[in-house]
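Numbering (my numbering), first residue to last: 119 to 286.
Heads up, the beta-carbon is just placed ideally off N, CA and C, and yes, glycines get one too.
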Amino acid sequence: MKRSAIIKGNYRYSLKREWDDYNLRKAVFVLLHPSEADDRVDDRTTMRCVSFAKKLDCGSVELVNVFAYRSREWRDLRNLSLEEATGPENRFYLENALHSGSEIIVGWGENCTIHHKDYQLLSDWFKGYDPNCLGTTREGHPLHPLFVRSDTTVQPYLFPNVSSFKPS
119 MKRSAIIKGN
129 YRYSLKREWD
139 DYNLRKAVFV
149 LLHPSEADDR
159 VDDRTTMRCV
169 SFAKKLDCGS
179 VELVNVFAYR
189 SREWRDLRNL
199 SLEEATGPEN
209 RFYLENALHS
219 GSEIIVGWGE
229 NCTIHHKDYQ
239 LLSDWFKGYD
249 PNCLGTTREG
259 HPLHPLFVRS
269 DTTVQPYLFP
279 NVSSFKPS
């Protein structure tokens, strides 16, 4: 398996895994924030996303995040400004990933609302794309890949009414 990551300081902008050179289909997962995985090490989230991508008949996967700041806990993002949590180059890498994806799966969970303004921006970022998810919470947030069964199938993701979301 080929592994690569774009990491700059405290930010991981992109993580890629490629297992089939002949299958150009790529699954793009848009999650909340990066943890420990890098160009050498996989974490549970990376392995789960690879598994789902293979089930979608993709030859590679790319993980990008709403917030690029690397942290083991999403709660750490609350102590940062929106700009610090997002990272100066995150939108560039997120847009490139979306543009190159065959399958787009969102899974940032309910904690995306820690910076309420950012959730409003997300719906704009996905204009022109048809994102999928692995299910949603009661409030309409897309479930994280670690919190669904391995036999879960993707379904279309529709952005809920952003004004009804309350910051966590």
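Give the straight-line distance between the Cα atoms of residue i and residue j, rounded to the nearest whole angstrom.
{"i": "residue 142", "j": "residue 203", "result": "32 Å"}
{"i": "residue 243", "j": "residue 207", "result": "14 Å"}
{"i": "residue 168", "j": "residue 201", "result": "29 Å"}
{"i": "residue 290", "j": "residue 193", "result": "It is not possible to answer for residue 290, since the shown part of the chain is limited to 119 through 286."}
{"i": "residue 268", "j": "residue 171", "result": "11 Å"}
{"i": "residue 176", "j": "residue 223", "result": "13 Å"}
{"i": "residue 248", "j": "residue 275", "result": "8 Å"}
{"i": "residue 138", "j": "residue 217", "result": "20 Å"}
By Cβ distance, which residues of its chain are closer than 7 Å to residue i, with the 5 residues on each side in sequence left out?
{"i": "residue 261", "result": "225, 227, 251, 252, 253, 254, 255"}
{"i": "residue 195", "result": "151, 185, 187, 189, 203, 232"}
{"i": "residue 128", "result": "187, 188"}
{"i": "residue 161", "result": "153, 154, 155"}
How about residue i and residue j: do their beta carbons lie closer than 8 Å?
{"i": "residue 304", "j": "residue 180", "result": "Examination of residue 304 is not possible in this model, given that the chain is present from 119 through 286 alone."}
{"i": "residue 152", "j": "residue 183", "result": "yes"}
{"i": "residue 245", "j": "residue 178", "result": "no"}
{"i": "residue 205", "j": "residue 146", "result": "no"}
{"i": "residue 264", "j": "residue 166", "result": "yes"}
Residue i and residue j look like a contact to me (Cβ under 8 Å); what is the Cβ gap, rounded to whole Å?
{"i": "residue 124", "j": "residue 211", "result": "7 Å"}
Excluding five sequence neighbours on each side, which residues of the same chain lie with their C-beta closer than 6 Å to the C-beta of residue i?
{"i": "residue 136", "result": "120, 178"}
{"i": "residue 258", "result": "278"}
Near residue i, what residues of its chain come up, given a Cβ to Cβ distance below 8 Å and the 5 sequence neighbours on each side ignored?
{"i": "residue 334", "result": "With the chain covering only 119 through 286, there is no way to say anything about residue 334."}
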